[in-house]
Structures are given as C-alpha cells and as structure tokens.
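The structure appears below as structure tokens.
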Amino acid sequence: MFHNGYKLSDECWVFITSQALHHIFITSQVYMLKHVEDEIIETIPYTGEYLVQGSDRVWIGVSLARGVKCERCWNYTPQVGSFAEHPTLCGRCYKVVAAQPEPAVATVSRDYKLREA
0 MFHNGYKLSD ECWVFITSQA LHHIFITSQV YMLKHVEDEI IETIPYTGEY LVQGSDRVWI
60 GVSLARGVKC ERCWNYTPQV GSFAEHPTLC GRCYKVVAAQ PEPAVATVSR DYKLREA
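Residue numbers (numbering that gives the first Met the number 0): 0 to 116.
Rendered as structure tokens:
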C-alpha cells in the first residue's frame, strides 16, 4: 500500500483503525466497512470510488458526523452529554479532565494580622 509516495509495510496497516484514521484525517468520525450496501450509499451525500494499486477498489463516502460538538476538542460525538460532571465533553476529554487533581484553595484565617514593617 502506498501513501504520499511512501510504501507502508503490512505491519503499519494493522495499527491503522477507524479510531486512528479520524485523527489522521482530522475529522470527528471514520468508519471502515468491508462491504457497502446500496441503502447506505444512497444516504451518503458525497461519494467516490477509487482504484488502489491498479485493481483494488476503495469506496469513500463523506457525510456530517453524528452527535454533538465537544466543548474541549471540537469533535462531534454521541458521547457528549453522557457525563453528569462534565456534560459538554466527549469520553476522551472527560477522562483527561476527570484525571486532573482539584485545584488547591487558599484560605485566610480570621485571626491573621498584618505585621507592620
């Protein structure tokens, strides 16, 4: 398989999944399907079919992502709204934010008196 003029080994393609592709393509969602039904093709507004290495055909369809926009990463996902503590975050961002320690709060005692210089 060739990508931008570089041959990628078969081992590289094992790691490229739909989860990784959405980061590579800078999109909210990517789905990889072995077979595409005619009913699915009819619902996708932008499509194309391409030849890869002469004989293999790849079908590509582009449509709006499902879900709501995450306030932190701006990806659209159905996960937004699933977390009561952070209802505007997706699952990935929720894990990051939830792992952060609570900020320390400084308090001043009422008995505190300023020293004169």
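Glycine is no exception: its CB is placed at the ideal position from the N, C-alpha and C atoms.
- Per the DSSP secondary-structure output, Lys-68 pairs in a beta bridge with Tyr-75.
- For His-85, same chain residues with a beta-carbon under 8 Å away, outside a window of 5 residues either side, are Cys-92, Tyr-93, Val-96, Ala-97 in chain order.
- With contacts defined by Cβ atoms closer than 9 Å, Thr-87 and Gln-28 do not form a contacting pair.
- Per DSSP, the unbroken beta strand (DSSP E) holding Glu-48 starts and ends at 45-51.
- Cβ-Cβ distances below 6 Å link Tyr-49 to Val-57 in the same chain, with the five nearest sequence neighbours on each side left out; the list follows chain order.
- Counting every other CB atom within 10 Å of its CB across the protein chains shown gives Val-51 a total below 16, marking it as exposed.
- For Gly-60, the enclosing beta strand (DSSP E) starts and ends at 55-61.
- The straight-line gap separating the alpha-carbon atoms of Val-104 and Ile-23 is approximately 40 Å.
- Contact between Gly-47 and Ile-59 holds: their C-beta atoms lie close to 5 Å from each other, under 8 Å.
- One thing to note: Asn-74 has its Cβ within 9 Å of the Cβ of Ala-64.
- In the structure shown, Ile-40 adopts helical secondary structure according to DSSP, grouped into three states.
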